[in-house]
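Novice: Chains as they are written, first to last, in our numbering: chain A, 139 to 255; chain B, 25 to 138.
Glycine included, C-beta positions come from ideal geometry on N, C-alpha and C.
In this text, all values refer to a predicted model and were calculated from it rather than measured experimentally.
This is the structure I have questions about; it appears just below.
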């Protein structure tokens, strides 16, 4: 069965610290997609990144970076030099290609990140 | 361009009443999803529409829940005889075609059933 686990419920850091949010997934499909979304206090989910299962290349976007490792079924997210504006709940999600056209997202429970000044 | 919009932003209703929640997807997006976000439950899939195909209703929690999508655009989620456990934020998302494309979310409707 498909599942996404975000073991860290809450993380609190001081501004400028680096922080890594963990995501572990389970799927029987060989083709799938992994996502990270940010949900700031305003509530609207903001798309951050999508990776497909055939692309294990790590990605960096500004202070954000993602480490995808199929061997450990993990898709971890690192924020470098965190800022107060990074405070939000971060969700990892999975969609499976063999689900047909319905690429519903299967969500982790989220990690609440608090960046303190 | 405009993002996904949802209305109302907040809805308070009494137990047993029916409610309708509306979603306007991004223009040109053929795939539309409804999710529910509850405390302690995270986000759960409810229903999916793709073009003119029959919707995937596999996530609807009971037959009190239904949804339609008119003209391949606006969607309405209806909850009949609301119960307190229906209290949640209902999120709508749309994406271009389906595939593994990212889904863009609306701001949600916060439903409170008293």
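Could you pull the DSSP bridge partners for residue 177/A from this structure?
Specialist: Start at 1 with the first residue of the first chain, and residue 177/A comes out as number 39. Note: residue 177/A sits in a beta bridge opposite 227/A.
Novice: Would you say residue 188/A lies against chain B (beta-carbon separation less than 8 Å)?
Specialist: Here residue 188/A corresponds to residue number 50 of the first chain, with the count starting at 1. A Cβ of chain B is located within less than 8 Å of the beta carbon of residue 188/A.
Novice: Less than 8 Å between the CB atoms is what I'm expecting for residue 177/A and residue 194/A, so what's the real figure, rounded?
Specialist: In the first chain, counting from the first residue as 1, residue 177/A sits at position 39. In the first chain, counting from the first residue as 1, residue 194/A sits at position 56. Not quite, the Cβ-Cβ distance comes to about 26 Å (not below 8 Å), so this is no contact.
Novice: In the structure shown, what three-state DSSP assignment does residue 293/A receive?
Specialist: The shown model of chain A, from 139 to 255, leaves out residue 293/A, and the question about it has no answer.
Novice: So, are the CB atoms of residue 61/B and residue 70/B less than 8 Å apart?
Specialist: Position 37 of the second chain, counting from 1, holds the residue named residue 61/B. Position 46 of the second chain, counting from 1, holds the residue named residue 70/B. Going by C-beta atoms, residue 61/B is not nearer than 8 Å to residue 70/B.
Novice: Give the residues from the segment 171-203 of chain A that approach chain B closer than 7 Å (Cβ to any Cβ), ordered along the chain.
Specialist: 171, 173, 181, 182, 183, 185, 188, 190
Novice: Give the straight-line distance between the Cα atoms of residue 100/B and residue 40/B, rounded to the nearest whole angstrom.
Specialist: The residue labelled residue 100/B in the question sits at position 76 within the second chain. The residue labelled residue 40/B in the question sits at position 16 within the second chain. The alpha-carbon atoms of residue 100/B and residue 40/B are separated by roughly 19 Å.
Novice: Just the C-alpha distance for residue 190/A and residue 38/B, rounded to the nearest angstrom, thanks.
Specialist: The sequence position of residue 190/A within the first chain is 52, counting from 1. The sequence position of residue 38/B within the second chain is 14, counting from 1. Their backbone Cα atoms lie some 44 Å apart in a straight line.
Novice: So the candidates are 114/B, 135/B, 138/B, 137/B; which of them puts its Cα closest to the Cα of residue 57/B?
Specialist: As a position in the second chain, residue 57/B is number 33, starting the count at 1. For residue 57/B, the nearest C-alpha among the options comes from 114/B.
Novice: Buried or exposed: which applies to residue 110/B, given that a residue is buried once 16 or more other Cβ atoms fall within 10 Å of its Cβ?
Specialist: In the second chain, counting from the first residue as 1, residue 110/B sits at position 86. It counts as buried.
Novice: Rounding to the nearest angstrom, what Cα-Cα distance links residue 183/A and residue 116/B in this structure?
Specialist: In the first chain, the residue the question calls residue 183/A occupies position 45. In the second chain, the residue the question calls residue 116/B occupies position 92. The alpha-carbon atoms of residue 183/A and residue 116/B are separated by roughly 10 Å.
Novice: One question on the structure: do residue 136/B and residue 33/B come within less than 8 Å of each other, judged by their Cβ atoms?
Specialist: What you label residue 136/B is simply residue 112 of the second chain in a count that begins at 1. What you label residue 33/B is simply residue 9 of the second chain in a count that begins at 1. In this structure, residue 33/B does not lie closer than 8 Å to residue 136/B by Cβ.
Novice: So, residue 140/A versus residue 230/A, is the Cβ gap smaller than 8 Å?
Specialist: As a position in the first chain, residue 140/A is number 2, starting the count at 1. As a position in the first chain, residue 230/A is number 92, starting the count at 1. Taking 8 Å as the Cβ cut-off, residue 140/A and residue 230/A do not qualify as a contacting pair.
Novice: If we define contact as Cβ-Cβ less than 8 Å, is residue 89/B a contact residue for chain A?
Specialist: Against the second chain, residue 89/B aligns to sequence position 65. So, not an interface residue.
Novice: At a cut-off of 7 Å, would you count residue 74/B as near the ligand FAD, judging by its Cβ distance to the nearest heavy atom?
Specialist: The model on display carries no ligand, and the ligand FAD is accordingly not part of it.
Novice: What distance in whole Å lies between the Cβ atoms of residue 232/A and residue 163/A, which are believed to be in contact at a cut-off of 8 Å?
Specialist: The residue labelled residue 163/A in the question sits at position 25 within the first chain. The residue labelled residue 232/A in the question sits at position 94 within the first chain. Sure, about 5 Å apart at Cβ, within 8 Å.
Novice: For chain A, check one thing: does any of its Cβ atoms lie closer than 8 Å to the Cβ of residue 120/B?
Specialist: Working through the second chain from its first residue, we reach residue 120/B at position 96. Output row for residue 120/B: interface = no.
Novice: Under 7 Å between beta-carbons, which chain B residues line up against residue 215/A? List them in chain order, please.
Specialist: As a working mapping, residue 215/A is identified with position 77 in the first chain. Residues of chain B whose Cβ lies closer than 7 Å to the Cβ of residue 215/A do not exist; the shortest such Cβ separation is about 15 Å.
Novice: Straight-line CA distance for residue 156/A to residue 216/A?
Specialist: Position 18 of the first chain, counted from the start, is the residue given in the question as residue 156/A. Position 78 of the first chain, counted from the start, is the residue given in the question as residue 216/A. Near 7 Å, if we compare the C-alpha coordinates of residue 216/A and residue 156/A.
Novice: Just to make sure I have the definition right: I need the residues of chain A whose C-beta is within less than 9 Å of the C-beta of residue 42/B. Which are they?
Specialist: As a position in the second chain, residue 42/B is number 18, starting the count at 1. Per Cβ cutoff of 9 Å: no residues; residue 42/B is ~25 Å from chain A at best.
Novice: How big is the Cα-Cα spacing for residue 77/B and residue 219/A?
Specialist: Start at 1 with the first residue of the second chain, and residue 77/B comes out as number 53. Start at 1 with the first residue of the first chain, and residue 219/A comes out as number 81. The straight-line gap from Cα to Cα measures roughly 46 Å.
Novice: In angstroms, rounded to a whole number, what distance separates the CA positions of residue 141/B and residue 103/B?
Specialist: What the structure shows of chain B is the stretch from 25 to 138, and residue 141/B is not part of that stretch, so it cannot be assessed.
Novice: In chain A, what lies closer than 9 Å to residue 57/B by C-beta?
Specialist: What you label residue 57/B is simply residue 33 of the second chain in a count that begins at 1. Near residue 57/B (Cβ distances below 9 Å), the residues of chain A are 240, 241, 242, 243.
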